[in-house]
Amino acid sequence: MSHSVFNFLWIISIALFLISCSREESFLLEEDPNLFVDDSTSVPLTVVAYNVENLFDIDGQAIFNDYKPQTVDRPNGYTATKFLTKLENISYILSTINKGEGPEIILFQELEADQTPEGWHGDLRRFLYENPEVTVRDMLTSNRSAQFKQVPAEAWLWRILFEAGLGEYFVAVGDSYPDPLGYSFPHVNATFSKFPITNSITHKTAGGRGILEVKIEIGEIPLIIFNNHWKAGASSEESELIRTGNARVLRSRIDELLAEDSYYDFIIGGDLNSHYNQTNLFPSMKRTGINDVLKSKGNEIGLISDPEIDLYNLWFELPFDQRYSEIFKGHHSTLMHLIIPQGLYDYKGIQYIDNSFKVLSLPGVNTDKITGIPIRWNNQKNGYGFSDHLPILAKFKTIPFTVQKRKVFLDNPSYEPTPPSRPVKLDYAHMNLAMAQSTNKIPMHTPLQSSYFYNKVLLVDSIVVSTKPFQIKVHNETFTIWSPNKKLLNKITSTYIKDDSLYFYGQLNQHKGKWQFVIQHPTWLDPGLFLQSNSKGKKQTAEHN
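Rendered as structure tokens:
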């Protein structure tokens, strides 16, 4: 049989399989009239996982130098104003959910573990009602900020969300403890819920932050939330050995719940520092935490029909090229996760709303409108940006009646038993560069080396001021040039000499504390954009590579 005929028959067989599954689920729905009971009393739930990238408080005690107080010797140190900027930015992002009301449940990562707990009374409501006439902005921008320096990050975050109209949350914060492997973790996880948190426990993991387990009561319906932040270094085999240990702790607890009830309602979320297709991306890793130990899969059909599959990763809800919560070295990355069991696909307790998973990307706000790259936090000036991770969310609802073993009808169900083995690469060659802001139109008195322009793509009109090192000047500021395309970079640095004009599209960022423009692709250096040389009178050109 020819390969083409074989492939055609294989495609047809898969299509028939998917259709048969859909028809089977549809039949089950029609078979039981109880499934059509009015569910207008259902309670909606939006669950968000958000790594906020180092939300540190202002007590002056910090492990990272960037978050130690600003001094003459540390001009870019941390200040109450920078902390306020970060709080307001997080609040704004979350206020775009549910028409300003915000999510019902939030899994935060990278809140600072309080370094001065002895100065905090631990009562969130007291923090609010002792100072009802004073806003967070007032507290952090006046000379009163020292009065509140012992307040931990989660309390400030709780209050800023309240002031933004998102309501009052119950809060559970993970424990901070010495790591048995000797790693230093200044962070804790925190879970915010608009429904009562009736129990919380931190499961210790070697080489990772503790896994925060909370039990939430929605009316009389219980829901378990696992808030994770595993060991960093997704491509590192050494780090993967630690993540498999992180995963074993979580998997052991999940097995306990499933032994109690195979349809137990729980959600796994947070920053697992692993890709959804970790095993396929890194075949040299003998065993991965997320896929081999935790057993996260991409087969949604199998989840509700195959007893060997009990966890479904919601990244598979999205088309392949839309799966990313970070951009790392020009490639899509999926370190943030929401993973659910088959218990959220039945008609009992909590039910996942099919196809509701999404990445909270707001072009021009928390992502660059040209590249789609997250606008991460920057400690310059008064602070700017959000996080190097984009929040992810999914929607759920409570079920006011019980038919446990009936499954929801799946619309366009995922069926990827073998996930892709390559990440998506950003297509820098075909981006809409016409949206880039021109430095010709930026007022001379507005510094480019400010947090506002950080990570943004600009149309740059510059003059070469030195070749060793190769530096350019825009307005009165000096920058270096870099490109991931070595041939292009060599072409630029060998063609242009001092006093030449250089006109290009560049992404502004920093490297080792120095400001630079990154020319991501040869098309960002269009020969038609070159200006006349100021020094030699010759027209400079560069070939596309």
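Residue numbers (our numbering): 14 to 558. Glycine included, each C-beta is placed from N, C-alpha and C at the ideal position. Here the structure is a predicted model, which means the values were calculated and not measured.
Do you know offhand how far Tyr80's Cα is from Gly90's? Cα to Cα, Tyr80 sits roughly 6 Å from Gly90.
Identity of the residue in Asn259, Leu521, Glu273 nearest Leu225 by Cα: Looking at the Cα atoms, Asn259 is the closest of the given residues.
Beta strand (DSSP E) containing Ala185: first to last residue? For Ala185, the enclosing beta strand (DSSP E) stretches over residues 183 to 186.
Please say whether Asp440 and Asn453 have beta carbons closer to each other than 8 Å? No. Outside cutoff.
For Gly73, which residues of its own chain have a beta-carbon under 8 Å away from its beta-carbon, when the five flanking residues on both sides are left out? Cβ within range, chain order: Lys81, Pro82, Lys162.
In this structure, how does DSSP classify Lys371 when only helix, strand and coil are distinguished? DSSP, read as helix, strand or coil, puts Lys371 in strand.
Is it the case that the segment 316 to 333 contacts the segment 238 to 253, given that we only count it when at least three CB pairs across the two stretches are under 8 Å? With a cut-off of 8 Å, the segment 316 to 333 and the segment 238 to 253 do not count as touching, because too few Cβ pairs lie within range.
Using the rule of at least 16 other Cβ atoms within 10 Å of the residue's Cβ for burial, across every protein chain shown, is Arg222 buried or exposed? It counts as buried.
Can you tell me whether DSSP reads Met448 as helix, strand or coil? In this structure, Met448 counts as helix in the three-state DSSP scheme.
Specify the secondary structure class of Thr204 as computed by DSSP and reduced to three states. DSSP, reduced to helix, strand and coil, places Thr204 within a strand of the structure shown.
Hey, how far is the Cα of Ser496 from the Cα of Asn391? Their Cα atoms are separated by approximately 21 Å.
Coarse secondary structure for Arg261, derived from DSSP in three states: Here Arg261 sits in helix by DSSP.
Going by the DSSP bridge assignment, what does Phe161 pair with across the sheet? Checking the DSSP bridge columns, you'll see Phe161 has no partner listed.
For Thr109, collect the residues of the same chain with a Cβ closer than 7 Å to its Cβ; drop the 5 residues on either side in sequence, then sort them by chain order. Hits under 7 Å: Leu375.
Short Cβ contact (8 Å threshold) for Gly355 with Leu316: The sequence shown places Gln at residue 355, not Gly. Cβ atoms of Gln355 and Leu316: closer than 8 Å.
What separation, rounded to the nearest whole angstrom, lies between the Cα atoms of Lys394 and Thr459? Spanning the two alpha carbons is a distance of roughly 13 Å.
Evaluate contact between the segment 124 to 135 and the segment 163 to 175, counting only Cβ atoms and requiring at least three cross-stretch pairs below 8 Å. Taking 8 Å as the limit for Cβ pairs, the verdict is that the segment 163 to 175 does touch the segment 124 to 135.
Could you please give the first and the last residue of the uninterrupted beta strand (DSSP E) stretch that includes Val65? Taken as a continuous stretch (DSSP letters only), the beta strand (DSSP E) holding Val65 covers 57 to 68.
The alpha helix (DSSP H) that contains Glu339, what's its start and end? Run containing Glu339: none in the alpha helix (DSSP H); it sits in the beta strand (DSSP E), 339 to 341.
Given Asn7, which residues of its chain have a CB within under 7 Å of its CB, disregarding the five upstream and five downstream residues? Outside the modelled stretch of the chain, which goes from 14 to 558, sits residue 7, for which no answer is possible.
Quick check on Arg300: does DSSP put it in helix, strand or coil? Three-state result, Arg300: coil.
Leaving out the 5 sequence neighbours to the left and right, which residues in its chain are closer than 6 Å to Gln462 when beta-carbon positions are compared? If you ignore the 5 residues before and after Gln462, its C-beta comes within less than 6 Å of the C-beta of Glu490, Trp528, all in its own chain and listed in chain order.
Start-end ranges of the beta strand (DSSP E) lying completely within the segment 373 to 458, minimum 3 residues: Annotation note: the segment 373 to 458 contains the following uninterrupted beta strand (DSSP E) runs of length 3 or greater, listed N- to C-terminal: 405 to 411, 416 to 420.
Excluding the 5 residues flanking Thr92 on each side, which residues of the same chain have their C-beta closer than 7 Å to its C-beta? Closer than 7 Å at Cβ, skipping near neighbours: Gln83.
Among the candidates Phe183, Gln484, Glu167, whose CA atom is the shortest distance from the CA of Pro130? Ranked by how close their Cα comes to the Cα of Pro130, the residues Phe183, Gln484, Glu167 have Glu167 in first place.
Residues in the same chain with beta-carbon distance under 6 Å from Thr536, minus the five sequence neighbours each way, listed in chain order, please. Answer for Thr536: Ala442, listed in chain order.
Please say whether Gly362 and Ile280 have beta carbons closer to each other than 8 Å? No, these two residues do not count as a Cβ contact at 8 Å.
Proximal residues to Ser451 (C-beta, below 6 Å), its chain only, five neighbours per side dropped: The residues are Leu472.
Simplified DSSP assignment, three categories, for Phe19: Caution applies to Phe19, whose pLDDT of 38 falls short of 50 and renders its modelled position unreliable; the value that the coordinates give is listed next. Correct three-state label for Phe19: helix.
Tyr91 in three-state terms, based on DSSP: Tyr91: strand per DSSP, three-state reduction.
State yes or no: is the C-beta of Thr204 within less than 8 Å of the C-beta of Val227? Closer than 8 Å, so yes.
Within 8 Å, do at least three Cβ pairs link the segment 138 to 151 to the segment 230 to 241? No, because fewer than three Cβ pairs between the segment 230 to 241 and the segment 138 to 151 fall closer than 8 Å, the two stretches do not touch.
With DSSP as the reference, identify every bridge partner of Glu230, one or two as the case may be. According to DSSP, which records beta bridges pairwise, Glu230 is partnered with Pro235.
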